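**Student:** Numbering (the numbering used here), first residue to last: 21 to 355. I'd like to ask some things about the structure below.
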């Protein structure tokens with residue numbers, strides 16, 4: 021029985037890879053004849069609209085789906101490792117909604133520039149993160165208290181965001197689809213901004229690898245090994261919040277991936293931190309890649325739907341299957 025349970029994640033992952041590759045092949049073939057793929061990828065003919073769409077929309081969209089999915093898997097592992105909470109991720113902690121609210125306010129005030137939007141997302145995520153951790157601090161960051169606080173703050177920020185959209189519909193009309201997650205691209209600008217930021221996040225994560233590994237031990241043991249727990253947790257949480265804000269700024273809120281990818285990585289046998297970080301990032305990239313290809317197919321045969329909706333439709337049943345298999349983990353002592 022246990023062997024069959026262990027085999028399921030491997031088969032599931034293989035099925036997702038095949039499905040994503042097949043859908044990508046089909047969507048690309050519908051958009052452009054295969055004989056023109058190489059030319060469209062490297063030097064598109066400006067007189068052929070299909071090649072321009074292939075180069076400036078489909079390929080950047082594929083790249084951004086892989087980058088954002090990998091980033092969500094990475095921050096999911098960071099939050100879960102530091103907080104010892106298998107349900108911790110940007111959406112359950114309210115960080116993503118805070119970043120979204122910051123961007124909405126910036127858009128409403130018509131503050132120009134990509135840097136202003138990134139700063140607003142970061143500020144919103146930090147304020148919400150501090151609020152959630154502050155509420156749960158008295159309970160030693162109990163997993164239940166932390167998730168409940170994140171849920172309440174997330175709902176509150178979401179309500180404020182919706183009110184702003186309702187009362188300022190003309191100015192914030194474009195925020196509606198984006199707020200539920202969208203990977204639509206019109207050039208390579210989003211990819212060019214995001215990949216160096218994620219690379220920096222990965223490098224900082226590797227620098228924190230030893231402290232993060234020690235956080236998986238008992239707090240007393242970690243302290244005896246010379247780890248300054250409070251400082252290390254502050255650094256790791258700050259890094260996770262910053263990456264989360266950058267991802268929300270790039271594509272909006274996309275849930276479940278940061279929750280599901282680390283859990284599936286563990287079920288695939290990645291018990292040590294470094295393999296889990298790598299595998300969760302790969303799984304996150306795969307899930308978002310598949311979700312976006314499903315969206316492209318639906319857009320062609322039916323209508324366009326948000327990326328967040330599709331990831332929820334895929335992730336919710338899988339998460340329900342995983343929940344009974346989660347073991348309880350003691351909360352960290354943050355003092």
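By construction, the Cβ of each residue, glycine as well, lies at the ideal position given by its N, Cα and C atoms. This one's a predicted model, so the numbers in the text were calculated from it and none came from an experiment.
1. Once you ignore the five residues that flank residue 320 on each side, which residues in its own chain have a CB closer than 7 Å to its CB?
2. In this structure, does DSSP put residue 161 in helix, strand or coil?
3. In three-state terms, what does DSSP make of residue 325?
4. May I have the straight-line CA-CA distance separating residue 91 from residue 268, to the nearest angstrom?
5. Alpha carbons only, please: which of 297, 112, 170 is nearest the one belonging to residue 89?
6. So is the beta-carbon of residue 243 under 6 Å away from any non-hydrogen atom of the ligand COA?
7. How big is the Cα-Cα spacing for residue 75 and residue 163?
8. Less than 7 Å separating the beta-carbons of residue 93 and residue 303?
9. Any idea if residue 135 is buried or exposed, counting beta-carbon neighbours within 10 angstroms, 16 or more meaning buried?
10. Would you call the region 112-130 in contact with the region 249-265, where contact means no fewer than 3 C-beta pairs closer than 8 Å?
11. Using a Cβ-Cβ cut-off of 7 Å (strictly less than) and excluding sequence neighbours within five positions of residue 338, which residues of its own chain qualify?
12. Nearest to residue 177 by CA position, among 224, 197, 332, 141, is which residue?
13. Rounded to the nearest angstrom, what separates residue 232 and residue 104 at their Cα positions?
14. Provide the residue span of the alpha helix (DSSP H) that contains residue 201, from first to last.
15. Give me the residue from 81, 171, 322 with the minimum Cα distance to residue 111.
16. Hey, would you say residue 201 sits closer than 7 Å to residue 124, going by beta carbons?
17. To the nearest angstrom, how far is it from the Cα of residue 100 to the Cα of residue 235?
18. Hey, quick one: how far does the alpha helix (DSSP H) through residue 258 stretch, first residue to last?
19. Of all the alpha helix (DSSP H) runs that stay within the bounds of the region 63-89, which reach a length of 4 or more residues?
20. Leaving out five residues on either side along the sequence, give the residues of the same chain with a beta carbon under 7 Å from the beta carbon of residue 169.
**Tutor:** Inspection of the coordinates gives the following:
1. Translated into the one-based positions of the chain shown, residue 320 becomes position 300. Once the five neighbours on either side are set aside, the close Cβ partners of residue 320 are 50.
2. As a first step, residue 161 must be located in the chain shown, where it is residue number 141. Looking at residue 161 - three-state DSSP - the assignment turns out to be coil, as it is neither helix nor strand.
3. In the chain shown, the residue the question calls residue 325 occupies position 305. In the structure shown, residue 325 sits in coil (DSSP, three-state: anything other than H, G, I, E or B).
4. Looking up residue 91 in the chain shown gives position 71. Looking up residue 268 in the chain shown gives position 248. The alpha-carbon atoms of residue 91 and residue 268 are separated by roughly 11 Å.
5. Taking the first residue of the chain shown as position 1, residue 89 is located at position 69. That would be 297, whose Cα lies nearest to the Cα of residue 89.
6. Absence of the ligand COA is noted for the structure shown, with no ligands found whatsoever.
7. Taking the chain shown and counting its residues from 1, one reaches residue 75 at position 55. Taking the chain shown and counting its residues from 1, one reaches residue 163 at position 143. For residue 75 and residue 163, the distance between alpha carbons rounds to 45 Å.
8. Taking the chain shown and counting its residues from 1, the one referred to as residue 93 is at position 73. Taking the chain shown and counting its residues from 1, the one referred to as residue 303 is at position 283. Their beta carbons are under 7 Å apart, which means residue 93 touches residue 303 by this criterion.
9. For the purposes of this step, residue 135 is taken as the residue at position 115 of the chain shown. Result: exposed.
10. yes
11. Within the chain shown, the letter at position 318 stands for residue 338. 280.
12. For the purposes of this step, residue 177 is identified with residue 157 of the chain shown, where counting begins at 1. The option with the nearest alpha carbon to residue 177 is 141.
13. The count along the chain shown starts at 1 and reaches residue 232 at position 212. The count along the chain shown starts at 1 and reaches residue 104 at position 84. If I take the Cα positions, the gap works out to 11 Å.
14. Looking up residue 201 in the chain shown gives position 181. Note, residue 201: premise wrong, no alpha helix (DSSP H); not H, not E.
15. Taking the first residue of the chain shown as 1, we reach residue 111 at position 91. Of the listed residues, the one whose Cα sits closest to residue 111 is 171.
16. The sequence position of residue 201 within the chain shown is 181, counting from 1. The sequence position of residue 124 within the chain shown is 104, counting from 1. No, they are not a contact pair.
17. Counted from its first residue, the chain shown places residue 100 at position 80. Counted from its first residue, the chain shown places residue 235 at position 215. C-alpha separation (whole angstroms): 11 Å.
18. Counting from 1 along the chain shown, the entry for residue 258 is found at position 238. 249-271 is the span of the alpha helix (DSSP H), which, as asked, contains residue 258.
19. 69-73
20. The residue labelled residue 169 in the question sits at position 149 within the chain shown. 152, 155, 156.
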